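So the structure is just underneath, and the comments pick up after that.
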Amino acid sequence: MQPEVKKQYKSLNFIYAIILISMSIAALVSVFLISKMGQVPVFKPEDQATIKSIVIIALLVGIPVSHIFFFKKIKHIDQSLNLINKIRMYQSAFIARIAILEGIGILASIGYLVTADHSYLYMFGVVFILFLVHAPTKSRISNDLNLSEDEEELFLN
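Position one of the sequence shown corresponds to residue 1 (this note's numbering), numbered consecutively onward.
As C-alpha cells, then:
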C-alpha cells in the first residue's frame with residue numbers, strides 16, 4: 001500500500017474509532033447516571049411521548065438518509081481519479097454517514113437520560129450495530145469504490 005493511501009486509511013479508521021468510542025461513552029454515562037440518580041427531570045411527563053416520537057423519526061429518517069447520501073457520494077467518484085483521491089472522497093462520504101448515525105445515537109442516549117425509558121437503549125443499539133456493520137475495512141472500501149484490479153492490489157497489500 002502506498003504511504004499516502006495507508007495514511008488515509010489509518011486516518012479513516014482513527015476517526016471511526018473515536019466517534020464509535022465517544023458515542024459508546026455517552027450511552028454508558030447515561031446508563032450509569034440513570035442507575036445512580038434516576039431520570040434527569042428536564043421535561044414534563046406529558047412531553048416524553050413527543051421526545052420519543054422525535055427520536056424514532058430521527059432513527060427512521062436518519063438511517064436511510066445516511067445510506068442514500070453515502071452511496072450517492074460514492075457513485076459520483078470519478079473512476080479515472082488516482083487511488084489517493086478516491087480514498088479521500090470516500091473518507092468524506094464515510095464521515096458524513098457516521099456523523100449522521102452518531103447524531104442519532106447521541107440523541108437516543110440523551111432521550112434515555114431524560115426519560116429513563118429503556119426503549120431508547122434499543123434505539124441506540126440499532127445505531128451501534130449499524131456502526132459495527134459499516135466499519136471501514138479494506139475489503140469494504142475496495143468493494144464500495146469498485147476499484148480496478150491494479151488499484152485493489154495496491155490498496156489491499
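Beta carbons are placed, not taken as given, at the ideal position from N, Cα and C, and that holds for glycine. Owing to the predicted nature of the structure, the values given are computational and were not obtained by experimental measurement.
**Under 8 Å between C-beta atoms of Ile95 and Ile15** = The residue you call residue 95 lines up with position 95 of the sequence shown. The residue you call residue 15 lines up with position 15 of the sequence shown. Yes. Within cutoff.
**Asked** What whole-angstrom Cβ distance do Leu33 and Leu121 have, given they're in contact under 8 Å?
**Response** In the sequence shown, the residue the question calls residue 33 occupies position 33. In the sequence shown, the residue the question calls residue 121 occupies position 121. At roughly 13 Å, the Cβ-Cβ gap does not stay under 8 Å, so Leu33 and Leu121 are not in contact.
**Prompt:** For Leu107, does the count of other Cβ atoms within 10 angstroms reach 16, so buried, or fall short, so exposed?
**Reply:** Taking the sequence shown and counting its residues from 1, the one referred to as residue 107 is at position 107. That one is buried.
**Item:** Exposure label - Lys36; buried when at least 16 CB within 10 Å
**Value:** Locating residue 36 in the sequence shown gives position 36, counting from the first residue. Lys36 is exposed by the Cβ-count criterion.
**Request:** Look at the alpha carbon of Glu46 and the alpha carbon of Leu101, and state the distance between them as a whole number of angstroms.
**Result:** Residue numbering aside, residue 46 sits at position 46 when the sequence shown is read from its first letter. Residue numbering aside, residue 101 sits at position 101 when the sequence shown is read from its first letter. So the two alpha carbons sit approximately 27 Å from each other.
**Item:** Endpoints, alpha helix (DSSP H) assigned at Asp47
**Value:** Within the sequence shown, the letter at position 47 stands for residue 47. Counting along the chain, Asp47 falls outside any alpha helix (DSSP H), and DSSP gives it neither H nor E.
**Message:** Taking its Cβ as the centre, do 16 or more other Cβ atoms sit within 10 Å of Lys10, making it buried, or is it exposed?
**Reply:** Taking the sequence shown and counting its residues from 1, one reaches residue 10 at position 10. Lys10 comes out exposed.
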